Structures are given as C-alpha cells and as structure tokens.
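Here UniProt numbering is used: the first residue of the sequence shown is 1, the next is one more, and so on.
Ideal Cβ placement from N, Cα and C applies to all residues, glycine included.
Please read these numbers as outputs of a predicted model, since none were measured by experiment.
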Amino acid sequence: MFWSVTRSKTNNYIFVMSYMSHGSLNEYLSSDFENITWIMKGNILRSIVSGIKWIHENKIIHRDIHGGNILIKNKPYNFGYSFVADLGFSRPAKKDSKNSEIYGIMPYIAPEVFRKKQYSFSSNIYSLGMIMWELTSGRRPFCDRAYNVDLALSICDGSRPEITEDTPQCWAILMQKCWCSEPLERPSISEIYSEINSRYWNLDKIFTEAENKRQELFKSGKFIAKHMHPQSKTYSKLLTPTIDSLLSILHQKPKFSTSGSVNSFQTLAVLHLVLCK
Numbered sequence: 001m002f003w004s005v006t007r008s009k010t011n012n013y014i015f016v017m018s019y020m021s022h023g024s025l026n027e028y029l030s031s032d033f034e035n036i037t038w039i040m041k042g043n044i045l046r047s048i049v050s051g052i053k054w055i056h057e058n059k060i061i062h063r064d065i066h067g068g069n070i071l072i073k074n075k076p077y078n079f080g081y082s083f084v085a086d087l088g089f090s091r092p093a094k095k096d097s098k099n100s101e102i103y104g105i106m107p108y109i110a111p112e113v114f115r116k117k118q119y120s121f122s123s124n125i126y127s128l129g130m131i132m133w134e135l136t137s138g139r140r141p142f143c144d145r146a147y148n149v150d151l152a153l154s155i156c157d158g159s160r161p162e163i164t165e166d167t168p169q170c171w172a173i174l175m176q177k178c179w180c181s182e183p184l185e186r187p188s189i190s191e192i193y194s195e196i197n198s199r200y201w202n203l204d205k206i207f208t209e210a211e212n213k214r215q216e217l218f219k220s221g222k223f224i225a226k227h228m229h230p231q232s233k234t235y236s237k238l239l240t241p242t243i244d245s246l247l248s249i250l251h252q253k254p255k256f257s258t259s260g261s262v263n264s265f266q267t268l269a270v271l272h273l274v275l276c277k
C-alpha cells in the first residue's frame, strides 16, 4: 500500500509504502514452505489474482510478474495480505511496445514474448501459471537449469515444470490453461477470478485431501529441494539480447548431410553451445 513520497539527500524520489513483513513470495516460500498449507496457498492465489484483475481492469499490462514481485504482508489466513508490486515496466494495453526492451526472469516469460510478439494480458496469465506452480513446489520454475537460450528454446517447444503429486485437480487444470503455449487459449483474469471463487474451489474436501498428500510427501522426503543452478537468476534482467539470439536459432532450418562439410545443423550446434555458456 502506498503512503507517501519524499526525496533523499541526493534528490532522488523515495516512495513510502507498507512494510511487507514476509518479504517476497520467493522468500516466504523458501523460508517456511513446509508450514504453508493448501488452504493458505489458495488464499495466496486469490489475493494475487485480485491484484492482477485490478491491474487489467485499469487497462495496464504488467511486464514483469514473478515470485520476487509478489509481496507478502501477513500470513495468508485472510484476504488482502499479498500485493503485486513493481509496475515499473508496465504499459497501457493500447500502447505499441514492439520496440521496447524486454526485461524479466526467463521461466515467467510467455513463449510469444520470446518470439518478439507484443506483451498482452495473456502474457500476464502465462506468468500467473508459473506463480501457481511455484506455490505448489516452493521453488522457482526450472531452478535446476541455467536461465539461457537453451531454456528459452525448451519453453517455446512446450516444456513446462512437472506438476507435484499433491496438486488438486482443479488447480492443475487451471494452471495448465494459464501456461498454454497459445495465448488465445489462456483464460482471462476475470474468468480465473470467477473460477477460484466458485463453490467447487471452496470445497474443503479437495484441499483437505491435497493437504494430507502434501504432508505425506514431506514425511517421505519427496519435497527435498532441487539443486539450484548457479545461472538460474533470481532477479529481472535485460533479455532482449538473449531473445535476439533465440530468434536467430529458431529461424534456422537445419539440414543434415553425410558429407564431411559443415552443414547448418552443425553450425547451429556450435552456436547453441556458445550461447549457453
């Protein structure tokens, strides 16, 4: 929540906002994931969806949604405790942003953005799908892989994180709709809001069963955190050069040859290794 604005001694503007006692969603999940129940996860999701819904209703497209930009104020027993932050890269929906630089964290970027299509409301929905997975697993998507051209290629080819065993069916179905490769097939934020506030999503039985399964997985050691790849960035960075390299690869048409000459496929392989270092 925004309270005031002031200036520092160096004449820079400072925004005064509510203190977020649990930090970002990333920090909250990594510090207390074992104690975050499915009921709490549902409340987190509802709060995030409400925030994105408000943004979209005001005709704004958030261009950098990820777990580091979701801030947690209180423990999620009630609504209104988490906030979608950092609208610095946001743009009005009608503004042409074809030539804008692309910033973000790779797994949260929609496939069409990797192909230099414009950001859209649907691009935000893809990011929400990754947030939903992060809530189920307690870790960032593809955190065991380098965030590089290789991962971007995999995402464009349809690679998605593995759904955890305790994820309720209603959650899994909605999540898969959100991260669909085709933007037009993703639900709108209003449709998502209606679904997660429907009677079916509020059935205690569904989340009670999921919670029992979650606790079983913890006891069996199946929720052991994966190794974090040193090149899995936790902060937003300029992705435009990486995306330009990706497009140069996608536009190539590999041709296999039995001769001793270097063909386009071999050239691609060399380029791929260089870009993924």
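query	result
Alpha helix (DSSP H) runs wholly inside the segment 105–145, at least 4 long, in chain order	111–114, 121–137
Per-residue burial, ILE173 [other beta carbons within 10 Å of its own, 16 or more giving buried]	exposed
Per DSSP, cross-strand counterpart(s) of PHE83	LEU71
Proximity to LYS73 [Cα-Cα], best of GLU101, GLU216, ILE243, SER24	SER24
Assigned secondary structure, ILE192 (DSSP; H/G/I helix, E/B strand, else coil)	helix
Test item: CB-CB of ILE44 and SER82 under 8 Å	yes
Cβ distance (whole Å) where LEU128 is taken to contact ILE65 below 8 Å	7 Å
Beta-carbon proximity check, LEU29 vs ILE39, cutoff 8 Å	no
Secondary structure of TYR147, DSSP reduced to three states	coil
Backbone secondary structure at ILE52 - three-state DSSP	helix
Where GLY260 sits in the DSSP three-state scheme	Low local confidence applies: a pLDDT of 40 at GLY260 is under 50, so the model's placement there is unreliable, with the coordinate-based value given in what follows. Three-state DSSP puts GLY260 in coil, outside helix and strand.
Between the CA atoms of PHE218 and ASN26 - distance to the nearest angstrom	19 Å
VAL262, buried or exposed, once every other Cβ within 10 Å from all chains shown has been counted against 16	In this predicted model, VAL262 has a pLDDT of only 41, less than 50, meaning its place in the structure is not dependable enough to derive any value.
Proximity below 8 Å, CB of VAL49 to CB of ILE163	no
Selection from ASP32, PHE33, LYS41, SER31 that minimises the alpha carbon distance to TRP171	LYS41
Per DSSP, the bridge partner or partners of LEU238	TYR103
Beta carbon of VAL84 nearer than 8 Å to that of GLY51	yes
Of the residues THR10, GLU34, ASN12, THR6, the one placed nearest GLU211, counting alpha carbons only	GLU34
Coarse secondary structure for THR208, derived from DSSP in three states	helix
Alpha helix (DSSP H) segment containing SER159, residue limits	Run containing SER159: none; DSSP gives neither H nor E here.
Chain-order list of residues whose beta-carbon lies under 7 Å from that of ILE206 (same chain, five-residue window excluded)	PRO168, CYS170
Backbone CA spacing between SER31 and ILE155 [nearest angstrom]	28 Å
Close beta carbons around LYS222, own chain, < 8 Å, minus the five adjacent residues each side	GLU165
Where the alpha helix (DSSP H) containing ASP32 begins and where it ends	25–32
Enclosing alpha helix (DSSP H) for LYS222 [first to last residue]	Where LYS222 is concerned, there is no enclosing alpha helix (DSSP H), given that its DSSP letter is neither H nor E.
CYS180, DSSP secondary structure in three states	coil
Inter-stretch contact at 8 Å, needing at least 3 Cβ pairs: the segment 140–156 / the segment 186–200	no
Among PRO107, GLY104, ASN124, ASN148, the one whose alpha carbon lies nearest that of LYS59	ASN124
Residues near THR240 by beta carbon distance below 6 Å, same chain, minus five either side	GLU101, ILE102
Within 8 Å, strictly: CB atoms of LEU246 and VAL113	no
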